[in-house]
Amino acid sequence: DDLHRVAHGLNNLGVVLAARHQHEASEHAFRQALGMAQQHGFRPTEMSARVEYAELLVTTGRLAEARENAERALELAGDDDLFTKIDAQLVLAEVNRSVAEYDEVLRRATDAEFRIIEVRALAGKAALLQDKALYDKAIERAESAGLRYRADLIRKGMP
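Position in the sequence shown (first residue = 1) + 251 = this note's numbering.
In structure tokens, the structure reads:
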């Protein structure tokens, strides 16, 4: 369906704009994607957009809104979308600044072989603890999974 492709495309645009630190434009794209997804019942796109938007909100310090979006994504994911569920839990670990939550996300992502979430959880925990060994492990895991872009981002964020 064309409308679904547009909503999905707006979500992807939000991700790209967020990566380029164009936060206002990114937020606008996410809000449009969410509006279309909700209006037309595009559940997978809504779940993805909520998690991605929540990550942007964490980046911009809007933690209460990030929590709301991550929790709603968890509700929508239920038991049938494990990737979204673990990804939303990672956002909540970031919001709560919780080592225990990072550890649980890391365990679940590793078990499910969701390398991108595993790497992000390692990097988030490393940042929280300011742990060089964890940063190095996150970089190694990213590179071994072919996630060179993510490894470079981790290197840039290291103290």
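Using N, Cα and C, we set each Cβ at its ideal position, and we do this for glycine too. Given the structure is predicted, the values throughout are model-derived calculations rather than measurements.
Assigned secondary structure, residue i (DSSP; H/G/I helix, E/B strand, else coil)
{"i": "Phe334", "result": "helix"}
{"i": "Leu380", "result": "helix"}
{"i": "Glu316", "result": "helix"}
{"i": "Gly329", "result": "coil"}
Alpha-carbon spacing of residue i relative to residue j, whole angstroms
{"i": "Val267", "j": "Arg282", "result": "14 Å"}
{"i": "Ile337", "j": "Glu355", "result": "9 Å"}
{"i": "Ala396", "j": "Thr335", "result": "20 Å"}
{"i": "Ala360", "j": "Val302", "result": "16 Å"}
{"i": "His291", "j": "Gly265", "result": "19 Å"}
{"i": "Phe293", "j": "Ala378", "result": "34 Å"}
{"i": "Leu343", "j": "Glu322", "result": "8 Å"}
{"i": "Glu341", "j": "Leu404", "result": "The sequence given here places Leu at residue 341; Glu does not occur at that position. The alpha-carbon atoms of Leu341 and Leu404 are separated by roughly 17 Å."}
{"i": "Gly312", "j": "Pro410", "result": "20 Å"}
{"i": "Leu333", "j": "Met287", "result": "23 Å"}
{"i": "Asp252", "j": "Ala300", "result": "18 Å"}
Residue i - containing alpha helix (DSSP H), residue span
{"i": "His259", "result": "253-270"}
{"i": "Thr310", "result": "294-310"}
{"i": "Ala396", "result": "Segment: none, Ala396 is in no alpha helix (DSSP H) and carries neither H nor E."}
{"i": "Phe281", "result": "274-291"}
{"i": "Glu355", "result": "350-363"}
Close-in-space but distant-in-sequence residues of the same chain around residue i (CB under 6 Å, 5 per side omitted)
{"i": "Glu198", "result": "Since the first residue of the chain shown is 252 and the last is 410, residue 198 is not available in this structure."}
{"i": "Glu316", "result": "Leu308"}
{"i": "Leu314", "result": "Val346"}
Neighbourhood of residue i by C-beta, 8 Å cutoff - its chain only, sequence neighbours within 5 removed
{"i": "Ala280", "result": "Leu261, Asn262, Leu264, Gly265, Leu268"}
{"i": "Ala328", "result": "Met298, Thr335, Lys336, Ala339"}
Contact set for residue i: own chain, Cβ-Cβ below 7 Å, skip 5 residues either direction
{"i": "Arg348", "result": "Leu379"}
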